[in-house]
Each structure stands twice: as C-alpha cells, then as structure tokens.
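Everything in the sequence shown is counted per my numbering, starting at 20 for the first residue and increasing by one. Input: a single structure, listed below in structure tokens.
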Amino acid sequence: MTTSPRVILVTDEGEVTYRQLEALFAVRREGSMKKAATALGISAPVLHKYVKEAEERCGERLVRSDSTGTKLTTAGAALLARLEAIRLRAEDRPSLHVAGTLVSELCLLSAASAMAQRGRDCRVTVSTDDENLRAMEEMRVDCVILDDPLRAMELAERFDSVEIAPDMLLLRRSGPEFVKLEFGAQRLGFRYLEQEGIEHRVTRRLFEPALLDTTDLSYFVNRSLVRRGILAAEGAGEQRWSVHSIMALSCSEHPDAGEFLAHARRTGVYPKR
C-alpha cells in the first residue's frame with residue numbers, strides 16, 4: 020500500500036491545518052491569490068481567510084502582495100520548505116534505503132552495487148551511528164549497519180539483527196590524553212579504560228581516520244580501517260578483549276533487505292586476504 024502523508028503545524032497559538040497550508044502552497048505555485056483560489060476550487064475570500072488564519076497561528080506575515088501579484092515572504096517560503104522536507108521524509112518509497120558508517124562502507128557500497136546489477140533500486144547513506152539511528156527512528160531507512168556493539172545490544176529487543184562481520188579495536192597508547200574518532204566501537208574502548216581504572220580524558224575529536232596518523236595522542240581505531248589501508252596506525256596494538264561484531268538492524272519489512280544483507284555479509288568490512 021502506498022501512502023501520501025499530510026503535514027500539519029502546531030504552534031503556541033494553535034494548529035495550522037492542512038487546508039491552510041494547502042492555501043499557502045497554492046499561492047506559492049500560482050503567484051496570485053485569485054489564481055490560487057481557482058486552482059483549489061474555493062472562493063478568494065475563503066483563501067484569504069485560510070492565509071490570515073495561518074499567519075495568526077505562526078505570528079508573522081507569510082504572504083505579500085504588490086502590483087505583480089502575491090508571493091510568499093521569506094518566513095513563508097522557509098516554512099513551506101521545511102514542511103516539504105518533512106513530507107518527503109515521510110513518503111513511502113519503493114527503493115531499499117540502507118545506512119552505515121565509514122567502518123561498514125565497504126560492505127554497504129559493495130552490497131548496493133550487487134543489488135543494482137540485479138536491477139534493484141537501493142539508496143545509501145554513509146554517516147555516523149548517531150545520525151543513522153535517528154534516521155531509523157524516523158523510519159527513513161530500512162536497514163542500519165552499526166559500528167557500536169553496545170548500541171546493537173541495546174536495540175536487539177526492538178529490531179531483528181544480523182551479524183555482518185567481526186572486528187577488533189586497536190589501541191595506540193601515548194599518555195592519558197585521547198583523541199576520539201567518530202566512527203567505530205569507541206564506547207567499547209572507553210568503557211574498558213573506565214573499568215580498568217586507567218586514567219584518560221578525551222581532548223580532541225576526529226571525523227577523518229587518516230588524521231590519527233598525525234596525532235601524538237592516544238586513540239582507539241577499528242582494525243578493519245587499518246586493513247583497508249585508510250590509516251597506518253603505527254604503534255597501535257590489537258586488543259583481544261575488544262573483539263566484537265558489526266551488526267545490521269532491520270527496521271522495516273522491505274522485501275529486498277534480506278538479499279542486501281546476504282551480499283553485505285559476503286563482502287565483510289575489509290578485503291579478504
């Protein structure tokens with residue numbers, strides 16, 4: 020079943036209804052109050068009423084008229100752009116939408132490529148666990164591949180999970196000051212330091228793994244990133260206590276999800292030697 024969402028807006032002054040928003044969209048499209056009313060099949064006074072009510076609810080002018088016609092104000096245009104973005108997020112789309120991070124990028128893109136060769140439409144997002152989980156909660160993705168095994172365990176009761184590949188943390192010790200990479204099983208590493216009572220403090224954050232090779236600080240990094248040649252991580256040693264699974268969470272009933280995950284598992288998170 021294909022659905023088409025309708026968006027409303029709730030402000031401190033009350034609810035801006037779908038009809039009122041529809042009037043604003045018509046004004047934007049037609050550039051004239053009269054033409055907008057005709058397009059909606061309502062009278063001009065009714066259209067004016069809808070627009071005025073919307074402005075009262077929002078507490079600012081949303082349209083302006085001059086000799087050339089009627090257009091949205093800056094506030095009106097920004098409002099409709101935001102609502103349009105929300106509506107697009109909520110739309111049902113036939114393509115499979117998957118998300119992962121830099122750690123799972125290899126299996127993510129390889130699996131999406133395999134799906135494309137079979138004529139299956141697949142959309143891919145590469146971001147952080149935080150952003151991907153937000154997209155999952157907003158039902159904007161069908162499957163998320165997580166770096167963080169602790170988060171995967173926290174969500175295991177809510178979503179079906181599949182192991183994609185094993186991974187391990189490397190630790191380069193260079194004193195108590197750490198740089199935290201925004202990818203990988205970082206929480207697992209810092210939890211270990213806390214449990215062992217090892218002095219540490221995060222003084223820097225990085226999004227680019229290769230920059231770890233330029234720092235004098237201590238850090239954790241996933242072994243898979245090193246095996247893929249993204250960084251050298253000289254002086255970093257394997258931590259056997261950190262062996263963990265890269266997990267995929269299925270958050271919809273999309274029919275192509277199973278096939279995608281099978282391709283992802285075959286690829287893994289680093290090239291096989």
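Just so you know, even glycine gets a beta-carbon here, dropped at the ideal spot from N, CA and C.
Secondary structure within the stretch 132-212: the alpha helix (DSSP H) runs of 4 or more consecutive residues, fully enclosed, are 148-156, 168-174 (chain order).
Around Leu28, the same chain offers Glu34, Val35, Leu40, Arg76, Cys77, Leu98, Leu102 as residues with beta carbons nearer than 8 Å, after the five sequence neighbours per side are excluded. At least 8 Å separates the beta-carbon of Arg177 from that of His116. When secondary structure is reduced to three states using DSSP, Glu124 falls in the helix class.
Distance from the Cα of Ser86 is smallest, within the candidate group Val70, Ala96, Ser51, for Ser51. Put simply, the stretch 216-231 does not touch the stretch 170-187. Fewer than three CB pairs are less than 8 Å apart. Remark: fewer than three beta-carbon pairs, one from each stretch, lie closer than 8 Å, so the stretch 246-259 and the stretch 131-151 are not flagged as touching.
Distances from the CA of Arg191 to each of Glu182, Ala175, Ala154, Leu231 were compared; the closest alpha carbon is that of Leu231. Distances from the CA of Leu268 to each of Ser123, Ser132, Ala73 were compared; the closest alpha carbon is that of Ser123.
Note on the stretch 68-102: whole beta strand (DSSP E) runs with a minimum of 3 residues are 82-85, 88-91, in chain order.
Taking one beta carbon from each stretch, the stretch 123-133 and the stretch 66-73 have fewer than 3 pairs nearer than 8 Å; the two do not touch. Under the three-state reduction of DSSP output, Ala255 falls in the coil class, being neither helix nor strand.
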